[in-house]
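The listed protein sequences derive, respectively, from chains A and B. Per the numbering used here: the first sequence = residues 12 to 278. Per the numbering used here: the second sequence = residues 926 to 1173. Here a beta-carbon is modelled for each residue, glycine too, at the ideal position from N, C-alpha and C. Computed from a prediction, not measured in an experiment: that's the story for all the values here. Notes for the one structure printed next.
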Amino acid sequence: MTKGGLAEDILTSQLLKENKNEKLKRLFRRSLTFVVIVLLGALIYLSIAKVYPFNWTTVLRYRRLFITGILVTLKLSAASMGISLGLGLVFAVMRTSKMELLNEIASLYVWVFRNMPLLVVILLTYYGVGNILDLSRFWAAVFALSAFEGAYMTEIIRSGIEAVDSGEIEAARSLGMSDFQIFSSIVFLQAIRISLPPLIGQMISLVKDSSLASVIALNELTMIGRQVGTSSFATFESYITVAVIYLLMTSVLSYLGRFLERRLMLP
Amino acid sequence: MNSVISLRGVVKTFGSLRALNGVDLDVRSGEILTILGPSGAGKSTLLRIMNMLIKPDMGQVIFEGKNLGSLTKKELRHVRSRIGFVFQHFNLFSHLTALDNVAIGLVKVKGMKWQSAREIAMEYLEKVDLADKARNYPSQLSGGQKQRVAIARALAMEPDIILFDEPTSALDPSLVGEVLRVMKRLAAEGRTMVVVTHEIGFARGVATRIVYMEKGKVVEEADPEVFFTSPAAAGAQKFLRSIMENAV
């Protein structure tokens, strides 16, 4: 017994040491990768700078405009996220409903918006529907983006609902729970958890897709980038700025998503 | 003796498959009725007909004098809450702890507050020797533990009868014993139970009556002693032989 215990102790201490070594090695590899990437980026930048004289002061001069663009993009994205998620929930429930009419309506919605380019949806909404209803550029963009992304969210949430074990539904029914209770306290809670990772992915797509609202001259980030680029001749600088800002926004979103996933994860 | 559930001329078809072909059966108060038969005989369908998880195409299901086919949705839910059901694959709610799995029926169906429901749920978990697993999620439990939580979930509703659908078939052989032990305890309390199973030992030692089914029909009804020593139906003899062989 003591002998075995001792052997085990030695084994665990060795394992711990190896673990520590592993961690150090990984840290080293990561820092090395980082340095190489930074060096590579600098090299590319410098070689471009030889033929294209970068002028970053222009970008700084237009910083107010860029901030407006960021705010509009954030507002547009946030409003569309809320509405599209709502649409996704409602249509997903309809899509899994036993009532044929509801099911067909939801299928039609998904079919229409998943098979049209977002650009066309935005143009249709602003120049078509928006003309009749007197929609502002901003709200036209919000509605177009929401309807479009909502179709994808519908499919994501639908597959989440269908992934819930039918045995659990049977068990809930055998306890005497009503259809509504079964949906709200068994199916829905699990479906959201299952759908969360792809939903976050769709939110990230939404932020990127919001750049298409520039086509109706809404002053969101991409539009601003274009304006600054054409009026100052610092096109490259302006678009690099825009690209980096999008990268930052989507990275924050995916970080938040991962945080939320961890919080909601079941053992 | 009083019948808790009676079936009269029950027929059920799935597509071209006739799962139940005219079944008459009475489950009497306090009895441990065990249903045996080869797979595909319609045993699980019969059990699900008893609490209307599956609706029969023809025939009647009578619970306490009421024909379940003529009840409103709400009345039927009330009847279901009084008929416990234990599934082969446990069917625990995977997003709830063991304790909440047992408590949720009390909250949603009996309208209790979560706190008092959890207190009661704890008593039932103690009854199946799982008080120490109350905070665990189903994914953290063994098959035998999951099935015992499922039994506690059914018990907590204080049902008049409990239906067991092959409760040990999905278990590791080493975990069958702990579930059967709990079931024997319930039998000893005088609860009314209908058990579909392949556990011959349980059927022989605990059951008060055996129903043997084949091809959607009840072929033989007998006392366990009679059934296991001299089954009347030819099919039952063959079935018993094959099971005994497997046991060896």
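The Cβ atoms of residue 972/B and residue 1141/B lie no closer than 9 Å to each other.
Taken in chain order, the complete alpha helix (DSSP H) segments of 4 or more residues contained in the region 168-227 of chain A are 177-186, 190-193, 199-220. By DSSP's assignment, residue 928/B forms a beta bridge with 953/B. The beta-bridge partner set that DSSP reports for residue 1147/B consists of 1135/B. Scanning 238/A, 221/A, 278/A, 276/A for the CA closest to the CA of residue 90/A turns up 221/A. Residue pairing by DSSP puts residue 1010/B in a beta bridge opposite 1088/B. At a C-beta separation below 9 Å, residue 1049/B has no neighbours in chain A, since its nearest C-beta there lies roughly 13 Å away. Uninterrupted beta strand (DSSP E) stretches at least 3 residues long and entirely within the region 1049-1134 of chain B occur at 1086-1090, 1118-1121, given in chain order. By the Cβ neighbour-count rule, residue 1030/B is buried, with 16 or more other Cβ atoms within 10 Å of its own. Residue 60/A has its alpha-carbon roughly 15 Å from the corresponding atom of residue 249/A. Spanning the alpha carbons of residue 1144/B and residue 1138/B requires a straight line of approximately 5 Å. Residues of chain B with a Cβ closer than 7 Å to the Cβ of residue 178/A are, in chain order, 1012, 1014, 1016. Closest in C-alpha terms to residue 1169/B, from the list 1125/B, 1157/B, 1148/B, comes 1125/B. In this structure, DSSP gives residue 938/B an extended state, which the three-state scheme calls strand. Taking C-alpha positions only, residue 928/B is separated from residue 955/B by approximately 9 Å. Within the region 199-216 of chain A, the residues whose Cβ lies closer than 9 Å to any Cβ of chain B are, in chain order, 200, 201, 204.
Distance from the CA atom of residue 252/A to the CA atom of residue 70/A, rounded to whole angstroms, is 8 Å. Taken through DSSP and simplified to helix, strand or coil, residue 1142/B comes out as strand. In summary, residue 62/A is exposed, with fewer than 16 beta-carbon neighbours lying within 10 Å of its beta-carbon over all protein chains present. Per DSSP, the unbroken beta strand (DSSP E) holding residue 988/B starts and ends at 983-988.
In this structure residue 87/A touches residue 156/A by the C-beta definition: roughly 7 Å separates them, less than 8 Å. Only residues of its own chain outside the window of five on either side were considered, and among them 222, 225, 253 have a CB closer than 7 Å to the CB of residue 233/A, listed in chain order. Counting only the Cα atoms, residue 207/A lies some 15 Å from residue 217/A. Nearest to residue 1078/B by alpha-carbon distance, out of 185/A, 197/A, 21/A, is 185/A. For residue 978/B, the chain A residues whose C-beta falls within less than 9 Å of its own C-beta are 181, 184, 185, listed in chain order. Not a single C-beta of chain A is nearer than 9 Å to the C-beta of residue 946/B.
Counting only the Cα atoms, residue 106/A lies some 46 Å from residue 74/A.
Taking 9 Å as the cut-off, the Cβ atoms of residue 95/A and residue 159/A count as close. In this chain, the alpha helix (DSSP H) harbouring residue 86/A covers 74-106. Here the region 192-211 of chain A makes contact with the region 164-177 of chain A; the two share three or more CB pairs at distances below 8 Å.
In this structure, residue 20/A sits away from residue 1016/B, with a CB-CB distance that is not shorter than 9 Å. Per DSSP, residue 41/A has no beta bridge partner at all.
Closer than 8 Å at the C-beta level to chain A, one finds these residues of the region 1016-1045 of chain B: 1016, 1017, 1018, 1019, 1020, 1029, 1030, 1033, 1034. Contact annotation for residue 197/A against chain B: 1018 [CB-CB distance below 7 Å, chain order]. By the beta-carbon neighbour count (other beta carbons within 10 angstroms, threshold 16), residue 179/A is buried. Under DSSP, the beta-bridge partners assigned to residue 959/B are 1120/B, 1135/B.
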